[in-house]
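For the protein sequence lines, the chains are A, B, C and D, in the order given. FYI, in this note's numbering the residues of the first sequence are -6 to 449. FYI, in this note's numbering the residues of the second sequence are -6 to 449. FYI, in this note's numbering the residues of the third sequence are -6 to 449. FYI, in this note's numbering the residues of the fourth sequence are -6 to 449. Only one structure is covered here, and it is reproduced in the block below.
4 protein chains.
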Amino acid sequence: MFIERIKSPGIAHISYLVGDGTRAAVIDPRRDCGIYAELARRQGARITHIFETHRNEDYVIGSVELAAMTGAEILHGKQLDFAYGTPVGTGDAFDLGSARLSVLHTPGHTFESISIALADRSFSPEPVAVFTGDALFIGDVGRTDFFPGREDEVAGLLHQSIFETLLPLGDHVLLYPAHGAGSVCGAHLASREFSTLGYERLHNVVLKHTEQEDFVAFKRAEHHYKPPYFTRMEQYNLSGPPPLSGIAIPGPMSADEFASRMAAGMVVLDVRGPEAFGGAHIPGSVSMPLDHVPVYAGWLVPYDVPIGLVIDSLDQVTTAREHLLRIGYDTVSAYLHRGMTQWEVGGREFEGLPQVYIGEVKRRLDAGEEFLVLDVRSAGEFAAGHLRGALNIYLGDLPQRLGDLPRDMTITTFCGSGARASIAASILKQNGFGRVENCLGSMAACRSTECPLELD
Amino acid sequence: MFIERIKSPGIAHISYLVGDGTRAAVIDPRRDCGIYAELARRQGARITHIFETHRNEDYVIGSVELAAMTGAEILHGKQLDFAYGTPVGTGDAFDLGSARLSVLHTPGHTFESISIALADRSFSPEPVAVFTGDALFIGDVGRTDFFPGREDEVAGLLHQSIFETLLPLGDHVLLYPAHGAGSVCGAHLASREFSTLGYERLHNVVLKHTEQEDFVAFKRAEHHYKPPYFTRMEQYNLSGPPPLSGIAIPGPMSADEFASRMAAGMVVLDVRGPEAFGGAHIPGSVSMPLDHVPVYAGWLVPYDVPIGLVIDSLDQVTTAREHLLRIGYDTVSAYLHRGMTQWEVGGREFEGLPQVYIGEVKRRLDAGEEFLVLDVRSAGEFAAGHLRGALNIYLGDLPQRLGDLPRDMTITTFCGSGARASIAASILKQNGFGRVENCLGSMAACRSTECPLELD
Amino acid sequence: MFIERIKSPGIAHISYLVGDGTRAAVIDPRRDCGIYAELARRQGARITHIFETHRNEDYVIGSVELAAMTGAEILHGKQLDFAYGTPVGTGDAFDLGSARLSVLHTPGHTFESISIALADRSFSPEPVAVFTGDALFIGDVGRTDFFPGREDEVAGLLHQSIFETLLPLGDHVLLYPAHGAGSVCGAHLASREFSTLGYERLHNVVLKHTEQEDFVAFKRAEHHYKPPYFTRMEQYNLSGPPPLSGIAIPGPMSADEFASRMAAGMVVLDVRGPEAFGGAHIPGSVSMPLDHVPVYAGWLVPYDVPIGLVIDSLDQVTTAREHLLRIGYDTVSAYLHRGMTQWEVGGREFEGLPQVYIGEVKRRLDAGEEFLVLDVRSAGEFAAGHLRGALNIYLGDLPQRLGDLPRDMTITTFCGSGARASIAASILKQNGFGRVENCLGSMAACRSTECPLELD
Amino acid sequence: MFIERIKSPGIAHISYLVGDGTRAAVIDPRRDCGIYAELARRQGARITHIFETHRNEDYVIGSVELAAMTGAEILHGKQLDFAYGTPVGTGDAFDLGSARLSVLHTPGHTFESISIALADRSFSPEPVAVFTGDALFIGDVGRTDFFPGREDEVAGLLHQSIFETLLPLGDHVLLYPAHGAGSVCGAHLASREFSTLGYERLHNVVLKHTEQEDFVAFKRAEHHYKPPYFTRMEQYNLSGPPPLSGIAIPGPMSADEFASRMAAGMVVLDVRGPEAFGGAHIPGSVSMPLDHVPVYAGWLVPYDVPIGLVIDSLDQVTTAREHLLRIGYDTVSAYLHRGMTQWEVGGREFEGLPQVYIGEVKRRLDAGEEFLVLDVRSAGEFAAGHLRGALNIYLGDLPQRLGDLPRDMTITTFCGSGARASIAASILKQNGFGRVENCLGSMAACRSTECPLELD
């Protein structure tokens, strides 16, 4: 019997290949699904079942693509009208060799959410592990803010799913959730990627709220952001996304071609780090450090326009494209050959973005100099500690809030460590703000150096 | 926080890299230890600690080699006088970022055995997982037959370690043992490689014996074999084995060279499958299907003589050499270039070994024909079901028991599926038995076809 | 400027990625063409052109598949009416950075054959290398037997192409042909895969025939076999083969399923070595050692029936499938899980095939024992030396010649080293010949041991 | 017969594995020589001979290391008193299967330089290829400036070696030199890595000087730099370098540790690109873009002091260490964990380096603004075109020439494309120059935008 974890970085999505002998199932496959076929091949197994724990909203599900490749059957919850697959619910079970996969309806994150309990029938019909989708994470639970006006209802359902369906499986049951460290799907997610129902019962801070009322109140008080790209993901995942096979591979482009495409509307994502963007970048490009593509592209990049990449190394083309395909951006058409060097040796104008260190920011604050700290972290992060006088606009909301910013003052962008702030600074520059700089280190540097902070 | 499992096939030994942030520890490293340095490198961590759960007897421990490579400190139990490393015991703890590794003295398998509990201090000082070495496995417990005359004492200690030290850590604690599916260190090991203390408490058949007396009796009734190579492993692991760097890489050899080395005493291991050995093999070679090298070479191959390999593919040279180095055979000096083809096109004499299927064996038994079924499985396997009239000599004991076998009768070697039987048949042939054949399928084929079996 | 060789083993087909800067061309892509996209990606280049040196007859060309993936233009000779691509001829040239690829019409192997000369324009407009397709090889030249009744005409054209078009490019020009060591497309191919026009002019035995008449006579005297699968390849390569994306991945199958599919018409290819086939094989299966799949499947396996594989290791599934897809077999549907072991432990009947060594064959010949040596090598190999009394039937012709063989006599199959003979023996067994054995070592063993041979 | 090229980037050193059947030789192995053993393993061959074409001065030769691993014999020229190996000269020949390697004494680059001609004895005793070491390259010839006062003598020898020993082997002979595209060992090296003696005879600009006098004059007029590290390489390669096995693997370090080691003398190499260095870097660190490590570390980094790395990705640690080990820097002890981010979030001060584009430089020149363009290219590059008023100090000489620079003026560093200029700027900053900036794009940008240039 085998379980293999396949983690997609950035969105920190975790899918699983689980099976025994010659048969295997995949739980929540991502769109670039060749990896499951390859892992199954190495196990000497055939993929016969694909489970979707829910209609995902944060990435394109690969079920239809994988089913076409393997002939496997797609299974998902009953409470949503999917255009493909077979509805299943509590009581349905599927055997793969000694492994039995039993469906449990665990609504809350969404109405049709299911969990899948795994038993090793050669030992016991009782479960040894459970795949919980977005119901229960390691250190947190799923979001319950996707049904406006029904937040309390779904939070109540989630409480019931966790306390009445999942935890009763037993403290000793291993926990395999659909998101892990680094996900924006939970605020308290552990960096550790192994746990059990019992460990969560004891140490998951959200599960301290054992009473339903208390739990619902806790969830009601949470604040989450919903990126605009979720809408497209929901459509795709209800009806089945377009196949990958027709999507072209991005090729290298000269500086001249790149510039003329950009003039014609190509969006340029600069996936290098903030320091490199700070040293030299193409005017009008968006800073989008590679790790942040999966989370912030969906806020800031329109669909259906050509995307060009500025990269440091060829591998970044592949990674950036993977990140973007996983959230439905199928239009990555080119990258700047040899990266910025090509632009520079072409004699084309580039710009820098000044980077300041926290000591300088503190000095200015202490000296009462006039400048604006624009803190683009979430409201929750901001409330937990921020610089005096800082203005909080969440990065995802920035394009809509530009009118709230002064154009005659130095704006110092600020976030957790400087990466999101770099994205923000690039957007300000793109929109004609002339005096922009980025605070590398940002809040983390504040905490390291014990700056005085304000709380909300 | 990360845990990576590194499994060495054949002996089914499992070692772990565990750490957080920039620091990592290795638990029970194998001898070819570059893999730990590489995995740590990818994590961006430095290996600072090496734990030995006990003085291993079934493989060469890589601690000294790995310490030389990384500068890490070696830690092991106090009850044995190791020539290297630092003794630790219950109460000692080591922090690697948020991870705390706490030593628990868990004697039983050996007197100095330790387990290591892992806590995620960012959640709780209480353990989330435990590395149990050879104390507690998934589906079984460690052997307690290594101290002749003191079997009951050590079985009692093991009971205490499991029931008073390990299980009380909590049902929810994840279990990471030193052996997994395929190991000869336990008879009931699961094929599944994930479990918790709670799941074992409920479903591990050995742990049904909750009373110490009952447990000791159960352990006393077990029968294990102790291969002669264990003695060398124990010496090596007490004093530190020779470094790998001086050991030559085996090169290709012509059929003529191979034959003349063989004449001069080179032991030839034919690591191809039983079917290929059956079709054609070098007279005098030992059948040793690749997967069986880790377990049976130590019974049948003398130390300190040159070893030559007959292989199907070049990768088998690497794998066979790894297997052999892990159990202290440092004299693999050559392989037959292009395998048997080279021998064959050289016009050299080869031999076949007849392979019979179970239907033919049954037909002969039913017809009362005279032949001997030599069943080389363990006494326990034999007792649980065997063919009528079969003689049981454990494969490891065969070289010492040749005098018990008739030379004037067809001998049909027999085991679980035909692989060990192929080894046995090759030993018989090597020792001049003229009418030998192998039953491919063996007991598994019996069970598939519902042969009548006898029990002991 | 870069050239990368991509060799497909078995058919020993060589394709090339050639380019400079951001642009690259592929010459004669194989069907599984992801490798070219990946190599181009690593070079930071985009594939813009695909050249077909001729309508290949021995493998499925990947041009259409690769063009769909990259948007590249397909270019081929003018003398054949392809259903896709653009016709080109002498005088057409294409620039990729400093590289200039110039087309040369070099008919002979086929009428529309082209070569492509490569110049490094940063040094000289004169060529530094030439891609010769099937016109000129290292050690040999292309076949001229594909146009029945016009053999002399095409041989004359080939002479002209080599002596008037290619060799005049200069002794110093590097030679990159479409087939290499191991190909059946030439009898004298070097094992070495680097040469120049000058080295060939001096040392290629076929080019000793500098006079056209002499050259044509030499070519006329050659004897080649044309496997039946060439017909399908020619159709595919004229009209474009089916895409790979819809072809299912073969999965593991139990012994029972395998047996029942076989009963329903599935062809079983046993891709293990002859020794393993000799030890135990499924009755009715065809011995087809993995390396021989590309060359002999096309003679012996019908199209459009399901194919099942018997393998030694999972990698053989992938390799066998690749080999088969490259020659248009798209129906590999399953493999026997765990190979023969699965069959054996299922208690199913298997058979052996006796393997004899050359010493025994000689002994019998000397003793005048009655048996038939069936030599399945080509007529040319046979003529150059064979055993006394041997009957020569080329392996590819065997299914049509079974009526010529005695059913009441031991037949010893024989070839170059024993692999083709194993295939032949399996076909005899499949057709009810009861006394069949294979001579491992075969002619090579004869030569090693200085058997007396007869010439034709 | 096989030849495999192993190229070490940066120094563009090319070594070769050449062999046939079960035997192989390595020509000019690099220090990290496991790759040869692995390539030989895949060929099924044993490395029996190691050739050194000359006592290399630009990298550590791996012969002694590789001989220890394989038992191969080391062979080199007779005219130098090596502490290891066997002297060989013209007339000595070594057979590996069908391959014959014949030594040719080809002095000039050094006195003991040898070339190795390769014949395929199955075709002809005449050579098909020649390994020329540093005698003859593709597009250039070896340096002849290593013996002060004897330059003309050695240039004469080189002329003789090329025109009387190498070219007479025949136009059709393939050329395999010891350096390729990107090497500083020749000014005219092709980007193309395949050629023949004939192509060089026709198109190598240096070989236009067929008359010895003319050739010597041409070589006399060349200007080369000799980095100080060559001295250590020469010592190492005469006596044998220290083994790699004792050299520690660099581990991750916190910002605090890194800072305190730096204070204690650790040299910090920032191997990120110039843009990232421009955005933010550690005060006092040396900009050394990864690709430039092999060539410029040897000029600017002292031996025997600890080296710390600032990196963008973990792979850069491995690559930078390889580069440094190959030129004898064995003291890479640490890297900054997570790169600059770690420094920034630690709240530590960082600095930027302004990057200017060519348009701004031209504007200032046109406006007559006061600033100094410091052009750090070689004298030859400078002579071929430079900006008006630029000062030329070769990068390697910069530390010795700091006194020639004004401290009260903006200095704009300048080179071919901006990378060497970044190194130069970091050295100026390290030495207290306060107004330094780097011109990204540099001369290449000038040429793209058609700046007016001056010639010397």
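No residue lacks a Cβ here, since even glycine has one placed at the ideal position from N, Cα and C.
Quick check on this structure: which residue in the options has the alpha carbon closest to the alpha carbon of residue i?
i: Leu302/D; options: Ser247/D, Gly271/D, Glu146/D, Met436/D; result: Ser247/D
i: Gly411/C; options: Glu362/C, Gln72/C, Leu159/C, Tyr350/C; result: Tyr350/C
i: Pro399/D; options: Leu380/D, Phe364/D, Asp368/D, Cys432/D; result: Phe364/D
i: Ala437/A; options: Lys422/A, Ala377/A, Ala183/A; result: Ala377/A
i: Gly101/D; options: Arg93/D, His152/D, Ala65/D, Gly37/D; result: His152/D
i: Ser1/C; options: Val11/C, Leu307/C, Pro22/C, Pro282/C; result: Pro22/C
i: Gly78/A; options: Ala290/A, His47/A, Asn385/A; result: His47/A
Give the residues of chain C in contact with residue i, contact being defined as C-beta atoms less than 7 Å apart.
i: Val338/B; result: Ser410, Gly434, Ala437, Ala438, Ser441
i: Ser238/A; result: Ser238
i: Ala273/B; result: Glu268, Gly271, Gln348, Leu433
Around the Cβ of residue i, are there at least 16 other Cβ atoms within 10 angstroms (buried) or fewer (exposed)?
i: Leu97/B; result: buried
i: Asn424/A; result: exposed
i: Glu50/C; result: buried
i: Gly132/C; result: buried
i: Arg331/A; result: buried
i: Tyr328/A; result: buried
i: Gln335/A; result: buried
Looking only at its own chain, which residues have a Cβ that is under 8 Å from the Cβ of residue i, when we skip the five neighbours before and after it?
i: Thr203/C; result: Phe156
i: Asp25/A; result: Gly55, Leu237, Glu315, Leu318, Arg319
Please work out which residues of its chain come closer than 6 Å, Cβ to Cβ, to residue i, disregarding the five sequence neighbours upstream and downstream, and give them in chain order.
i: Arg428/C; result: Thr403
i: Thr324/A; result: Pro299, Ile300
i: Ala148/C; result: Thr137, Val209, Lys212
i: Glu186/D; result: Gly173
i: Val354/A; result: Cys432
i: Pro458/D; result: Since the first residue shown for chain D is -6 and the last is 449, residue 458/D is missing from the structure and cannot be characterised.
Can you pull the chain B residues whose beta carbon is under 8 Å from the beta carbon of residue i, in chain order?
i: Ala183/A; result: Met(-6), Asp113, Ser115, Phe116
Under 9 Å between beta-carbons, which chain A residues line up against residue i? List them in chain order, please.
i: Met281/D; result: Those within 9 Å of Met281/D in chain A number zero; the least Cβ separation is about 15 Å.
Suppose the cutoff is 7 Å on Cβ atoms and the five residues either side in sequence are ignored; what does the same chain contact list for residue i look like?
i: Tyr218/C; result: Ser371, Tyr387, Gly389
In chain C, which residues lie with their C-beta within 8 Å of the C-beta of residue i?
i: Gly37/A; result: Pro245, Leu307, His330, Arg331
Taking Cβ-Cβ distances shorter than 9 Å, what residues in chain C pair up with residue i?
i: Gly191/D; result: Gly163, Asp164, His165, Val166, Thr189, Gly191
If you scan the segment 36 to 106 of chain B from start to end, which runs of the alpha helix (DSSP H) of 4 or more residues do you find wholly inside it?
Taking only runs of at least 4 residues, the alpha helix (DSSP H) segments lying wholly in the segment 36 to 106 of chain B are 56 to 63.
Report the residue ranges of all alpha helix (DSSP H) runs contained in full by the segment 105 to 180 of chain C; include only those spanning at least 4 residues, in chain order.
144 to 153
Which runs of the alpha helix (DSSP H) spanning at least 4 residues fall entirely within the segment 318 to 346 of chain D, listed in chain order?
333 to 338
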